[in-house]
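Everything below concerns the one structure shown next.
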């Protein structure tokens, strides 16, 4: 009995591990499930939300809108990653707000646009 249960669990685990990426529930084009704030106008592009015809999700003030990963020694930029699940509202811009030295990345958040500059 115990061996049968272990065998069934092993088969289930193996089958789940072999599911193709495009058939998984969470994929690169997965829709976000929560909205942080509401806005009528947005800037930037959000391929995922525009393609589905829904309003784009606006990033919360504490949610990063992008990350810039750099080399720890020289601080040369290696890659830029944009948050594809939300965008900044019309009156904000995605700007560097923090240098997270533990992960070697600059963290960008939506910040208010200064009308004087």
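Numbering (mature numbering (1 follows the signal peptide of the UniProt record, and there is no 0)), first residue to last: -17 to -1, 1 to 100.
Backbone N, C-alpha and C fix where the C-beta goes; we use that ideal spot for every residue, glycine too.
Span of the beta strand (DSSP E), counted from its first residue to its last, around residue i
| i | result |
| --- | --- |
| residue 92 | 88 to 95 |
| residue 44 | Per DSSP, residue 44 belongs to no beta strand (DSSP E) and is neither H nor E. |
| residue -17 | Looking at the DSSP string, residue -17 is not in any beta strand (DSSP E), and its letter there is neither H nor E. |
| residue 63 | 60 to 65 |
Span separating the alpha-carbon of residue i from that of residue j
| i | j | result |
| --- | --- | --- |
| residue 18 | residue 44 | For residue 18, the pLDDT reaches just 39, beneath the cut-off of 50, and the residue's location in the model is therefore unreliable, leaving the point undetermined. |
| residue 73 | residue -16 | 60 Å |
| residue 79 | residue 64 | 13 Å |
| residue 62 | residue 53 | 7 Å |
| residue 55 | residue -10 | 46 Å |
| residue 47 | residue 57 | 24 Å |
DSSP beta-bridge partners of residue i
| i | result |
| --- | --- |
| residue 81 | 90 |
| residue 52 | 62 and 88 |
Residue from the options with nearest C-alpha to residue i
| i | options | result |
| --- | --- | --- |
| residue 93 | 60, 38, 81 and 59 | 81 |
| residue 84 | 51, 41, 37 and 39 | 51 |
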